[in-house]
Amino acid sequence: MYINNNKIFFDKITQVINGNILNMLVKKYNTDYRTQHFDTSSHLLAMLFFQLKGLNSLRELQTNISNNNKLRKMINVPSVSQFSRKNANRDYRVFEELYYHIVNKATKMFGLQRINKDLPIIKIIDSTMIDLPFNFVKEFRYDNKQKRSAVKVSTLFNGDFPEKIHIVSGKVNDRKCIDDMINNKDAIYLFDRGYSDYKWYDKLTDDKYKFITRQVSNACVEEIKSTYVENDLIFDYEITMGTEYSKNKTEHTYREILTFDENEEEFRLVTNIFDIPAEGIIALYKKRWKIELFFKWIKQNLKIKKCIGYSENAIKIQIYTALIMYMLLYIFKMKINSKLSMLVLTRIIKVNILENFNESIEYLLTG
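Position 68 of the sequence shown, counting from 1, maps to 68 under our numbering, and the rest follow consecutively.
See below:
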C-alpha cells in the first residue's frame, strides 16, 4: 500500500487518507482478494487524480499515469480493461465509508459548521439529478416513455460540505431518501417544496425538529390568525394545512409567511418556528442557495456529469470519489486558512498537482 511522503502536492492533498483506515476498509470488504497489481489504494488514488484533473475517460487516465514518473511511483498502472473491471466489481462501499470517515474527521477538526456565526446551525436538504444513457443503465431508468435514465444524489449540506448523501434511481421520491438525515434538534432544516408531506411535518414537529420549506402552490390552507409585520411586502399567518375530508389535515398549526420575489411573484414559506421574526425566517431560507452552489461547483469542477462506467457500482465509485476529492480540498483550504474561493483554489491546485509543495505554492494558495 502506498505511503504518503508529502513531497508533491498530490500527497499533500491526500494525506488525510491514512493507511490505517484504508487497510481496515480493504480488509472489511476484501477488495484486494486475488489482486496482484491494481490494488484498492492504486484505484482510489487514480480516481482522485481523475477527478481533480478533470479527465474524460479511463484511457486518458491510464495514459496520464503510465507516462508520468511521479504518478507511476504512487499508482500501479492498470490496463484500461482492468480499470473498467475494477470500477464495475470492486465494492463501492470502500469509497462510501472512506467518504464518511473524512466527513467525520472534518467535523471533528472544524466543529459544527455555521453559515454565519450569528445564525443557528443550518442543515440544507436537496437533491440533484445526473442524466445517464438510457440503453446502458437499466437500474436507473425512470421514464420509459421519454427514455430517460438518471441517478439522484440526495444531499444533506451544512453550508460548507455535504454531511450525508444517498445515491438512488431518479424515480425514487425525494421524501423516501432523507429520513436518516434529520437528527439534530439544535439545527434548522431547509428544504424546498419537493419534500411536501403534511404527516411528515407533524412528525418533525412532534420530534422537536425545526424546519423551513416552500409552500406548494395547491396547498389547502385554513388561516387561524395573522400577525402584523412592519413591512408592507411581508404577511405572517398561523395556519393548518390539508382537510378533514381528505384525511390529511395537519394536527399542528404552522406558520405561513408570504412575501414577493424579485419578479414580484408570491413567495410562500411554511415553518414550525414561531419565535423568529418573519424577516429572519425569510433570510434563513435564502441560505438554501448554498446547496445549489455546491451542486453547480461539483458538476463544473469534478467529473460526475459524464460517467466512465455504467454499472451501478461504477457510477457510485465515481460519485463518491468526487465527494472525497471535494472534502480533501475543503480540509486543505481550512488547514492553510486560504482566503481564496474553492473555485480559484482548485484551479491553482490543478496546475501544480504534481509539483513539489513549497513555500511559493503555499503563498499562492493562502490568498
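We put the beta carbon where it would ideally sit given N, CA and C, even for glycine.
Nearest-angstrom Cα distance between L364 and T259?
Cα to Cα, the separation comes out at about 44 Å.
State the DSSP-derived secondary structure class of Y254, mapped to helix, strand or coil.
The answer is strand: DSSP assigns Y254 an E or B state.
Taking 9 Å as the threshold (C-beta atoms), are L340 and K333 in contact?
yes
Indicate the three-state DSSP secondary structure (helix, strand or coil) for N4 in the structure shown.
With a pLDDT of only 41 at N4, under 50, the local geometry of the prediction cannot be trusted, and the value read off the model is given with reservation. It is coil, neither helix nor strand.
At the level of alpha carbons, what is the spacing between M129 and K171?
10 Å
Going by C-alpha distance, which of K203, E244, P162 is nearest D179?
Residue nearest to D179 within the set K203, E244, P162 is K203 (criterion: CA-CA distance).
Run the CB neighbour count on S154, radius 10 Å, all protein chains shown included, and call it buried at 16 or more, exposed below.
buried
Excluding five sequence neighbours on each side, which residues of the same chain lie with their C-beta closer than 7 Å to the C-beta of N20?
none
Is R255 near I273, with beta carbons less than 9 Å apart?
yes
Helix or strand or just coil, what does DSSP make of Y100?
helix
When you compare only the Cα positions, how much space is there between Y142 and Y195?
19 Å
Using alpha carbons as the reference points, say which of N158, K152, V77, V137 lies closest to G111.
N158
Is V26 helix, strand or coil by DSSP?
helix
In terms of DSSP beta bridges, what is A187 paired with?
I121
Give me the Cα-Cα distance between E279 and D160, rounded to the nearest whole angstrom.
24 Å
Would the beta-carbon of N76 fall within 9 Å of that of D39?
yes
Leaving out the 5 sequence neighbours to the left and right, which residues in its chain are closer than 7 Å to L156 when beta-carbon positions are compared?
K123, I125, P162, E163, K164, M181
Could you check the C-alpha separation between M1 and S41 for me, to the nearest Å?
Caution applies to M1, whose pLDDT of 39 falls short of 50 and renders its modelled position unreliable; the value that the coordinates give is listed next. Using only the alpha carbons, I get a separation of about 6 Å.
Could you please give the first and the last residue of the uninterrupted alpha helix (DSSP H) stretch that includes E279?
278-285
Answer with buried or exposed for N337, where buried requires no fewer than 16 other C-beta atoms within 10 angstroms of its C-beta.
A residue is called buried when at least 16 other Cβ atoms come within 10 angstroms of its Cβ; N337 does not meet this threshold and is exposed.
How big is the Cα-Cα spacing for E238 and E292?
30 Å
Tell me, please, which residues DSSP counts as bridged to S57.
For S57, which the question treats as bridged, DSSP gives no partner whatsoever.
Quick check on K303: buried or exposed, where buried means 16 or more other Cβ atoms within 10 Å of its Cβ?
buried
I believe L329 touches L345 by the beta-carbon criterion, under 8 Å. Please report the beta-carbon distance rounded to the nearest angstrom.
7 Å
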